[in-house]
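Chains as they are written, first to last, in this note's numbering: chain B, 2 to 244; chain R, 12 to 118.
All residues carry an ideal CB built from backbone N, CA and C; glycine is no exception.
To keep things clear, I will list the structure first and then write my remarks on it.
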Amino acid sequence: MRASVPILVPISFFGMMFGAAAIAAGQTLANTIWASIAIFAGASQFVFLEVYRAGVPVWSVALAVFAVNFRHLLYSAALASKIRHYGPLQKFFAFFLLTDLQFAVVENQALRLGKSGRVSFAFYIGFGAIAYVVWIVMTAIGGLFGSLIENPRTFGLDFILPVYFATILMGFRKRDRFLAIAIASTVVAVLVHRTIGAPWHISLGALAGIAVAALMAKNGEVETEGAAEEAALESTSGKVDRS
Amino acid sequence: MNGVVALYEAHQAAFVIALLGLITLATRAGGYLVLARFKRIPARLEAALEAVPVAVISTLVVPPAFSGGVAEFATVAFAVVACMRLPSMVVILAGLGLIVGLRMVGL
Numbered sequence: 002m003r004a005s006v007p008i009l010v011p012i013s014f015f016g017m018m019f020g021a022a023a024i025a026a027g028q029t030l031a032n033t034i035w036a037s038i039a040i041f042a043g044a045s046q047f048v049f050l051e052v053y054r055a056g057v058p059v060w061s062v063a064l065a066v067f068a069v070n071f072r073h074l075l076y077s078a079a080l081a082s083k084i085r086h087y088g089p090l091q092k093f094f095a096f097f098l099l100t101d102l103q104f105a106v107v108e109n110q111a112l113r114l115g116k117s118g119r120v121s122f123a124f125y126i127g128f129g130a131i132a133y134v135v136w137i138v139m140t141a142i143g144g145l146f147g148s149l150i151e152n153p154r155t156f157g158l159d160f161i162l163p164v165y166f167a168t169i170l171m172g173f174r175k176r177d178r179f180l181a182i183a184i185a186s187t188v189v190a191v192l193v194h195r196t197i198g199a200p201w202h203i204s205l206g207a208l209a210g211i212a213v214a215a216l217m218a219k220n221g222e223v224e225t226e227g228a229a230e231e232a233a234l235e236s237t238s239g240k241v242d243r244s
Numbered sequence: 012m013n014g015v016v017a018l019y020e021a022h023q024a025a026f027v028i029a030l031l032g033l034i035t036l037a038t039r040a041g042g043y044l045v046l047a048r049f050k051r052i053p054a055r056l057e058a059a060l061e062a063v064p065v066a067v068i069s070t071l072v073v074p075p076a077f078s079g080g081v082a083e084f085a086t087v088a089f090a091v092v093a094c095m096r097l098p099s100m101v102v103i104l105a106g107l108g109l110i111v112g113l114r115m116v117g118l
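The structure is reproduced here in structure tokens:
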């Protein structure tokens, strides 16, 4: 467990950044903390701040968050053999706490256990609960700081979101077809943003990148478990936390 | 019924957050409940699924870069390039410093 302490640094940092950015985006302190309690996913929460504005249909916010969370489908599929022995309630908590970091920590533990690969619930919840509490507390601290500052522009807090998204995007840069996907999505997003307008640039831009990826892929089949491990490796190797 | 609608309208953001929490939980459970049943999936489907986060996040980076002035554009451009060398926490802090500085000099 002591090994997990350095991992808590990025959680703390991004939790505080989320808190400050949320206040700058006009959320109340209560809703800012509520987001960290109810969602517990960095990327989802930042996407919520970006997309949720007055008058934007709820479905577009929901769709964007769903899409950004897609990699979690692969994580939870890959964890199947390690957590199958949990009871239903234990599984519920396991899924709720399944961040990028949690996945990496659990996979690492399974590797260490060797043959059985079954990770105990105590281990799983031990790391997960600490990360969850740290995330919420740091969100509150960041939010308090944000609400003390009269003009968020003073510290550039109004511009945390685009910079954050740039770092997340670049964390994926070693992936297959990264450049083609990013360019296709960006070009379509900018065009749609200028013509049809928000929030359509997100869904249509994303669709363009996804179509490009599907067209570029080879025919045939792949194993689901291997795909997830590969995705997790890339997303955690860049020292990027997307809890 | 009117009471429910009024409650929703008064706390819309809080309800949306709860919904997003459920969606996040669904994706975290969905792989185990659905995807794990398929040992193998078509390569094109896998490529499309893998592309989703990159595709979505790409749409969130560039439009804000064009939304402001030179300072906003330069900061996003800096962040994209700096990520190749620096850890993301450093890039974020440096990016915030950069935009504050650029705005101070009037860009």
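The alpha helix (DSSP H) enclosing residue i, as first and last residue numbers
i	result
B:Glu-108	101 to 114
B:Thr-168	161 to 172
B:Ser-61	59 to 69
B:Ala-209	201 to 217
R:Tyr-19	13 to 21
Residue from the options whose Cα sits closest to the Cα of residue i
i	options	result
R:Gly-41	B:Val-48, B:Ala-79, B:Phe-47 and B:Met-17	B:Ala-79
B:Ile-184	B:Ile-197, B:Thr-196, B:Leu-170 and B:Arg-195	B:Leu-170
R:Glu-61	B:Ala-31, B:Arg-72, B:Ala-39 and B:Leu-64	B:Arg-72
B:Ala-209	R:Ala-25, R:Leu-36, R:Ile-52 and R:Val-63	R:Val-63
B:Tyr-125	B:Gly-88, B:Val-164, B:Leu-102 and B:Ala-95	B:Ala-95
R:Leu-44	B:Val-134, B:Leu-50 and B:Phe-93	B:Phe-93
B:Phe-19	B:Leu-158, B:Pro-89 and B:Ala-111	B:Leu-158
R:Gly-80	R:Gly-32, R:Asn-13, R:Thr-38 and R:Leu-118	R:Leu-118
First through last residue of the beta strand (DSSP E) which encompasses residue i
i	result
B:Val-223	222 to 224
Assigned exposure category for residue i - 16 Cβ within 10 Å defines buried
i	result
R:Lys-8	Residue 8 of chain R lies beyond the range of chain R shown here (12 to 118); nothing can be said about it.
B:Leu-180	exposed
B:Leu-70	It should be noted that the sequence gives Asn, not Leu, for residue 70 of chain B. Looking at its Cβ environment, which holds 16 or more other Cβ atoms inside 10 Å, B:Asn-70 is buried.
B:Asp-242	Unreliable placement is indicated for B:Asp-242, whose pLDDT of 38 sits below 50; no coordinate value is reported for it.
B:Ile-197	exposed
Simplified DSSP state of residue i, which is helix, strand or coil
i	result
B:Asp-242	Caution applies to B:Asp-242, whose pLDDT of 38 falls short of 50 and renders its modelled position unreliable; the value that the coordinates give is listed next. B:Asp-242 falls in the coil class under three-state DSSP.
B:Ile-38	helix
R:Arg-51	strand
R:Met-95	coil
B:Asn-152	coil
B:Thr-196	coil
B:Ala-26	coil
R:Tyr-7	Because chain R is modelled from 12 through 118, residue 7 of chain R falls outside the range shown and cannot be assessed.
B:Ile-8	coil
Within-8 Å CB hit, residue i to chain B
i	result
R:Val-16	no
R:Arg-96	no
R:Met-100	yes
Any C-beta of chain R under 8 Å from that of residue i
i	result
B:Asn-109	no
B:Val-241	Caution is warranted here: a pLDDT of 36 is assigned to B:Val-241, below 50, making its placement in the model unreliable, and no coordinate value can be reported.
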